[in-house]
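S.K.:
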Amino acid sequence: MEHKTCFHCGLDASTSEITFDEKSFCCNGCKTVYEIFTVNDLSCYYDLQQAPGATPKEIAGKYNFLDNPKIVEQLLEFNDDKTQIVTLYIPHIHCSSCIWILENLNKLNPEISDSTVNFGKKTVRVTYNSENILLKDLVTLLNSIGYEPFISLDDYSIGKKEINRSIIYKLGVAGFAFGNVMFLSFPEYFEVGEFWLEQYKHLFRWLMFFFSLPVVFYSAQDYFISAFKGLRSKILNIDVPIALGIIVLFTRSSAEIILNIGSGFFDSLTGLIFFLLLGKFFQQKTYSYLSFERDYKSYFPIGITKINEEKEESIQVYDIQKGDRLLIRNEELIPVDCILIKGKARIDYSFVTGESKTVSKQSGDKLFAGGKQLEGSIEVDVLKTVEQSYLTQLWSNDIFKKDKALAFTNITNSISKNFTIAVLSIAFLATAYWMFVDSNKALNVFTSVLIIACPCAIALAAPFTFGNILRILGKKKFYLKNASVIEQLSKINTIIFDKTGTITTNKETTINYEGLQLSQEEEILLKSTLRGSNHPLSRSLYDILNEHEILTLNDYKEHLGKGIEANYNNQNIKVGAASFVGHSMDTATLNTCVHISANNQYKGKFTFYNKYRKGLSKLFNRLKKDYDLVILSGDNEGEKDNLTKLLPTKTKLLFNQKPEDKLEYIKYHQTEGANVLMIGDGLNDAGALAQSNVGIAISENVNVFSPACDAILDASKFNQLHHYINISKSAIKIIKWSFLLSLIYNMIGLYFAVTGQLAPVIAAILMPLSSISIVVFTTIATNLLGRKID
Amino acid sequence: MSVIYILLAISIVVAIGFFIAFIMAVKSGQYDDSYTPSVRMLFEDELIKENSKKSILTKKE
Chain A
1 MEHKTCFHCG
11 LDASTSEITF
21 DEKSFCCNGC
31 KTVYEIFTVN
41 DLSCYYDLQQ
51 APGATPKEIA
61 GKYNFLDNPK
71 IVEQLLEFND
81 DKTQIVTLYI
91 PHIHCSSCIW
101 ILENLNKLNP
111 EISDSTVNFG
121 KKTVRVTYNS
131 ENILLKDLVT
141 LLNSIGYEPF
151 ISLDDYSIGK
161 KEINRSIIYK
171 LGVAGFAFGN
181 VMFLSFPEYF
191 EVGEFWLEQY
201 KHLFRWLMFF
211 FSLPVVFYSA
221 QDYFISAFKG
231 LRSKILNIDV
241 PIALGIIVLF
251 TRSSAEIILN
261 IGSGFFDSLT
271 GLIFFLLLGK
281 FFQQKTYSYL
291 SFERDYKSYF
301 PIGITKINEE
311 KEESIQVYDI
321 QKGDRLLIRN
331 EELIPVDCIL
341 IKGKARIDYS
351 FVTGESKTVS
361 KQSGDKLFAG
371 GKQLEGSIEV
381 DVLKTVEQSY
391 LTQLWSNDIF
401 KKDKALAFTN
411 ITNSISKNFT
421 IAVLSIAFLA
431 TAYWMFVDSN
441 KALNVFTSVL
451 IIACPCAIAL
461 AAPFTFGNIL
471 RILGKKKFYL
481 KNASVIEQLS
491 KINTIIFDKT
501 GTITTNKETT
511 INYEGLQLSQ
521 EEEILLKSTL
531 RGSNHPLSRS
541 LYDILNEHEI
551 LTLNDYKEHL
561 GKGIEANYNN
571 QNIKVGAASF
581 VGHSMDTATL
591 NTCVHISANN
601 QYKGKFTFYN
611 KYRKGLSKLF
621 NRLKKDYDLV
631 ILSGDNEGEK
641 DNLTKLLPTK
651 TKLLFNQKPE
661 DKLEYIKYHQ
671 TEGANVLMIG
681 DGLNDAGALA
691 QSNVGIAISE
701 NVNVFSPACD
711 AILDASKFNQ
721 LHHYINISKS
731 AIKIIKWSFL
741 LSLIYNMIGL
751 YFAVTGQLAP
761 VIAAILMPLS
771 SISIVVFTTI
781 ATNLLGRKID
Chain B
1 MSVIYILLAI
11 SIVVAIGFFI
21 AFIMAVKSGQ
31 YDDSYTPSVR
41 MLFEDELIKE
51 NSKKSILTKK
61 E
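Protein sequence lines, in the order shown, are assigned to chains A and B. Each residue of the first sequence is one higher than the last, beginning at 1 in the UniProt record's numbering. Each residue of the second sequence is one higher than the last, beginning at 1 in the UniProt record's numbering.
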């Protein structure tokens, strides 16, 4: 058969045989979206990008909570009698077609007056007439075209968030003043003593003074605050010498123009602050569409269906009371601890425990918050409220309130301590010397030393290096939360891996057969039997068996939770659990197995193994030289033998680890001096990721959800991990070289300062020159570094 | 009154004018999203292209 892909979503469409308009589609959902677009003159969607769409999902009842006006009110950004504005997060936004179709929503529904996409944040801001269309209709419309918005507990009251733009304002003010002051201070550098300049220089100087006021008192205020905080907690951070430099620069310059003895250093002052802020800005730009702060709120739904005397009602998750009866639909997350009352539950707890197998529950069993219901709807009675449930209690651990960046002294601050002490002693020594030689010059020398020693270049080295490394790693699909992660990463000595989803892939499994050889007929029968079953294990087993003609079975029966049974011409086959096929031995095995028996004779079993990521062994062998390697798994020991074969013998393997166990394990090793890198994927690792020095979440698709962490690593780049750690180490080296370079500049400057010959023009040349050369040096060095790891 | 005062006054007024424009631009959110506008500006043409394509199709029929 010819290979065809879906015109809408790009998935394989060779087996579906759905064609429309001479185009093939993988499913009716995709075809419907195509029809909607062609009918509304929006087929241009497919011209901008090939197969840009997503299959719309079945959402019947899922958004019923949007009927509740109290919930809707919390989601809206603006609400008038007629107009409502809402910003929705849509994970599928990924190309220009997405922007185009979402900004043309009003063609699909004229009640929508405006829609604006923010591609970076993957949001769309929609303005609509609320008299004729409700938020629920809007969400349904978006879903029907394959752009299902993601609404979670995290969005609650999101409309009220303010964006902090103060760094741009400060940078703007500093840049504006810097440019003007430069232009006003230039004449005096070149034509000193000329007649017209003598006449106007006072005006020029006062103008410079006024330009520098907002820079010192507005743009630079963060440096004063940080220096003050540092001094109060008795730490000499890098902002102390900077703040000191700014204060001295400003007071000396003001004194010079007030007493009419010189033009001051206003250009150096404004330039210094401008460059410092530029470095800050450069480092701050991170990935707005990735969230590193997710907790359970991002996963939980906002609303849930409550059953009130046979009537269904949508209520907020926070309003759930003990004793309420709730309806959990297929694929919905259970938000609270509860007891199963009605229906058959098959719960996926992989969020909470990391255990990949689903659990079946009978009515009367206890269900924990965080599980996902997989088979049909169930009814439950609430035992605890959201805040008191098992999963959410993990988040009340103190570790989630601690800011890692504040807890450790970064490289700049550790050098600045010695630097500040050295500068101050040089200043006092030089002043003392000049007191004896020429006391008129003493004050001049004192201020000059403090001005020229202002560690502008040192303060710039780290932001520019880290900022650039962040960008380089981002291109290589390793996304860091902020710059301090690079530094932490360079210091680690222990690496801890989660198992399921981290070193194994979620998508694929390897299957092994043990037992008696199946005859040709038996294999044909098995394949035909499996074809009828929709169970995920049957599907993957079906795919690996050789191609055979498919028989029409005489009898086929599926026993829920046990297995399947089929008959064909006196031949009988049973596929399923050990007890079902009449096999009692060997129940101790921990791996997922499918047992086969033919004509009541036991044949053997297919064992499903996790498939490990490509290059796992190689990566571990590379890492074992420099780091302690540990595997902490929430799963059972079924894979132990496999792992010991695959990994270096030194690797520690620990199984059946609950989320708290992982956290405690890391905490214990940290008290013994280990710097831990934790690599995990699920919500069950969240505690461990937060406790570790660096927590990396691994993700098959970085746009979907990963737990709170310091960095997100694309799963395809997992085997590159050692390169990334090496980059962080090289980055620290680059910074140290930059420090050396800037110290040389400081030496030259100090020579002028100590000998009492620091003219404003020398400061004006030396300070920008040192800053710019540091920026150039770090940029070139980091780019070379980035090229090396391709 | 020397001409330099006038020139200085003009230059500062112009500079402050641009500065105010910058502040207003930031305030209105122009700097919040630096990617989408670069894609959006190319879309107007696409709409026209689609219309013209349609008219060609109808002519053929």
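Even glycine gets a Cβ: it sits at the ideal position worked out from N, Cα and C.
Please report the straight-line C-alpha distance between I90(A) and N118(A), rounded to a whole angstrom.
M.R.: Taking the first residue of the first sequence as 1, we reach residue 90(A) at position 90. Taking the first residue of the first sequence as 1, we reach residue 118(A) at position 118. Whole-angstrom Cα-Cα distance: 10 Å.
S.K.: Strictly under 8 Å for the Cβ-Cβ distance: is A15(B) near chain A by that measure?
M.R.: Counting from 1 along the second sequence, the entry for residue 15(B) is found at position 15. By this cut-off, A15(B) is an interface position.
S.K.: Whose CA, out of I458(A), S484(A), A459(A), A457(A), lies closest to the CA of residue 793(A)?
M.R.: With chain A running from 1 to 790 in the structure shown, residue 793(A) is simply not present.
S.K.: With a cut-off of 8 Å, do at least 3 Cβ pairs link the segment 518-530 of chain A to the segment 538-547 of chain A?
M.R.: yes
S.K.: According to DSSP, is S113(A) helix, strand or coil?
M.R.: Position 113 of the first sequence holds residue 113(A). Reduced to three states, the DSSP call for S113(A) is strand.
S.K.: Tell me whether the segment 434-442 of chain A and the segment 240-254 of chain A touch, counting them as touching only if at least three CB pairs, one residue from each stretch, are closer than 8 Å.
M.R.: The segment 434-442 of chain A makes no contact with the segment 240-254 of chain A; the number of CB pairs closer than 8 Å stays below 3.
S.K.: What residue from K384(A), G343(A), G364(A) has the CA that sits closest to L374(A)'s CA?
M.R.: If you number the first sequence from 1, residue 374(A) lands on position 374. The shortest C-alpha separation from L374(A) is found at G343(A).
S.K.: Could you check which residue in L42(A), D365(A), C98(A) has the C-alpha nearest to that of V39(B)?
M.R.: Position 39 of the second sequence, counted from the first residue, corresponds to residue 39(B). Of the candidates L42(A), D365(A), C98(A), the one whose C-alpha sits nearest the C-alpha of V39(B) is C98(A).
S.K.: By the criterion of Cβ-Cβ separation under 9 Å, what are the contact partners of V3(B) in chain A?
M.R.: As a working mapping, residue 3(B) is identified with position 3 in the second sequence. Neighbours of V3(B) in chain A, taken as residues whose beta carbon is under 9 Å from its own, are absent, since the nearest beta carbon is some 11 Å off.
S.K.: Could you check the C-alpha separation between P110(A) and K477(A) for me, to the nearest Å?
M.R.: Here the question's residue 110(A) lines up with position 110 in the first sequence. Here the question's residue 477(A) lines up with position 477 in the first sequence. Rounded to whole angstroms, P110(A) to K477(A) spans 40 Å at the Cα level.
S.K.: At a cut of 8 Å, does the segment 123-138 of chain A reach the segment 72-80 of chain A through at least three beta carbon pairs?
M.R.: yes
S.K.: List the residues of chain A whose Cβ lies closer than 8 Å to the Cβ of I23(B), in chain order.
M.R.: Along the second sequence, one-based indexing puts residue 23(B) at 23. Near I23(B) (Cβ distances below 8 Å), the residues of chain A are Y169, G172.
S.K.: What does the alpha-carbon distance come out to for the pair Q691(A) and N642(A)?
M.R.: Taking the first sequence and counting its residues from 1, one reaches residue 691(A) at position 691. Taking the first sequence and counting its residues from 1, one reaches residue 642(A) at position 642. Approximately 29 Å, taken between the alpha carbons.
S.K.: Could you tell me which whole alpha helix (DSSP H) segments of length 4 or greater appear in the segment 12-44 of chain B?
M.R.: 36-40
S.K.: Hey, is K160(A)'s beta-carbon within less than 8 Å of any beta-carbon in chain B?
M.R.: Residue numbering aside, residue 160(A) sits at position 160 when the first sequence is read from its first letter. With a pLDDT of 49 at K160(A), under the threshold of 50, the modelled position of this residue cannot be trusted; read the value that follows with caution. Chain B contact via Cβ: absent.
S.K.: Drop a sphere of 10 angstroms on the beta-carbon of R787(A), count the other beta-carbons inside from all chains shown, and report buried for 16 or more, exposed for fewer.
M.R.: Indexing the first sequence from 1 puts residue 787(A) at position 787. The residue is exposed, with fewer than 16 neighbouring Cβ atoms inside 10 Å.
S.K.: Quick one: does G467(A) have its CB under 8 Å from some CB of chain B?
M.R.: To locate residue 467(A), count along the first sequence from 1; it is residue 467. So, not an interface residue.
S.K.: Taking F368(A) as the reference, give the member of I347(A), S540(A), S377(A) with the closest Cα.
M.R.: In the first sequence, counting from the first residue as 1, residue 368(A) sits at position 368. That would be I347(A), whose Cα lies nearest to the Cα of F368(A).
S.K.: Can the beta-carbon of K662(A) be found closer than 8 Å to that of D685(A)?
M.R.: Counting from 1 along the first sequence, the entry for residue 662(A) is found at position 662. Counting from 1 along the first sequence, the entry for residue 685(A) is found at position 685. Cβ distance < 8 Å, so K662(A) and D685(A) count as in contact.
S.K.: Less than 8 Å between CB atoms is the rule here; does Y209(A) satisfy it with respect to chain B?
M.R.: Position 209 of the first sequence, counting from 1, holds the residue named residue 209(A). In the sequence as presented, Tyr is not what sits at residue 209(A); that position holds Phe. So, not an interface residue.
S.K.: Pull up the CB-CB distance for T140(A) and Y63(A), whole angstroms please, since I reckon it's below 8 Å.
M.R.: In the first sequence, residue 140(A) corresponds to position 140, counting from 1. In the first sequence, residue 63(A) corresponds to position 63, counting from 1. Right, the Cβ-Cβ distance comes to about 7 Å (below 8 Å), so this counts as a contact.
S.K.: At the level of alpha carbons, what is the spacing between L4(B) and H202(A)?
M.R.: Within the second sequence, the letter at position 4 stands for residue 4(B). Within the first sequence, the letter at position 202 stands for residue 202(A). Strictly speaking, residue 4(B) in this sequence is Ile, with Leu absent from that position. Spanning the two alpha carbons is a distance of roughly 13 Å.
S.K.: Which term fits D221(A), buried or exposed, when burial requires 16 or more other beta carbons within 10 angstroms of its beta carbon?
M.R.: Here residue 221(A) refers to the residue found at position 221 of the first sequence. It is Gln, not Asp, that sits at residue 221(A) in the sequence shown. Its Cβ having fewer than 16 others within 10 Å, Q221(A) is exposed.
S.K.: Give a yes or no on whether 8 Å exceeds the smallest Cβ distance from Y34(A) to chain B.
M.R.: Your numbering for residue 34(A) matches position 34 in the first sequence. The beta carbon of Y34(A) sits no closer than 8 Å to any beta carbon of chain B.
S.K.: If we call anything under 8 Å between Cβ atoms a contact, is T779(A) one with A731(A)?
M.R.: As a first step, residue 779(A) must be located in the first sequence, where it is residue number 779. As a first step, residue 731(A) must be located in the first sequence, where it is residue number 731. Not in contact: T779(A) and A731(A) (Cβ atoms no closer than 8 Å).
S.K.: Apart from the five residues just before and just after C44(A), which ones in its own chain have a Cβ nearer than 8 Å to its Cβ?
M.R.: As a working note, residue 44(A) is residue 44 in the first sequence. W100.
S.K.: Return the residue from the list N600(A), A177(A), F466(A), K667(A) that minimises the CA-CA distance to Y218(A).
M.R.: As a first step, residue 218(A) is located in the first sequence; it is residue number 218 there, counting from the start. Among N600(A), A177(A), F466(A), K667(A), the Cα nearest to that of Y218(A) is on A177(A).
S.K.: Could you give the DSSP three-state label for N642(A): helix, strand or coil?
M.R.: The count along the first sequence starts at 1 and reaches residue 642(A) at position 642. Note: N642(A) maps to helix in three-state DSSP.
S.K.: Of all the CB atoms in chain B, is at least one closer than 8 Å to the CB of I99(A)?
M.R.: Along the first sequence, read from residue 1 onward, the residue named residue 99(A) stands at position 99. At least one chain B Cβ lies under 8 Å of I99(A).
S.K.: Any idea which residues DSSP pairs V594(A) with across the strands?
M.R.: Taking the first sequence and counting its residues from 1, one reaches residue 594(A) at position 594. Paired residues: F606(A).
S.K.: Decide if L244(A) is buried, meaning its Cβ has at least 16 other Cβ atoms within 10 Å, or exposed.
M.R.: Position 244 of the first sequence, counted from the start, is the residue given in the question as residue 244(A). Its Cβ being crowded by 16 or more others within 10 Å, L244(A) is buried.
S.K.: Residues of chain B with a CB under 8 Å from the CB of residue 850(A): which are they?
M.R.: This structure cannot speak to residue 850(A), because chain A is shown only from 1 to 790.
S.K.: Bridge partners of N118(A), per DSSP?
M.R.: On the first sequence, residue 118(A) is found 118 positions in, with the first residue counted as 1. Paired residues: T123(A).
S.K.: Measure the C-alpha to C-alpha separation of F211(A) and I242(A) and round it to an integer number of angstroms.
M.R.: Here residue 211(A) refers to the residue found at position 211 of the first sequence. Here residue 242(A) refers to the residue found at position 242 of the first sequence. Between F211(A) and I242(A), the C-alpha separation is close to 20 Å.
S.K.: Thinking just about the alpha-carbon of each residue, which of G576(A), L383(A), A674(A), S360(A) is nearest to the one in I496(A)?
M.R.: As a working note, residue 496(A) is residue 496 in the first sequence. It is A674(A).
S.K.: Tell me, to the nearest whole angstrom, how far the beta carbon of C338(A) is from that of V382(A); I am working on the premise that it is less than 8 Å.
M.R.: Mapped onto the first sequence, residue 338(A) falls at position 338. Mapped onto the first sequence, residue 382(A) falls at position 382. With a Cβ gap of about 5 Å, C338(A) and V382(A) count as contacting.
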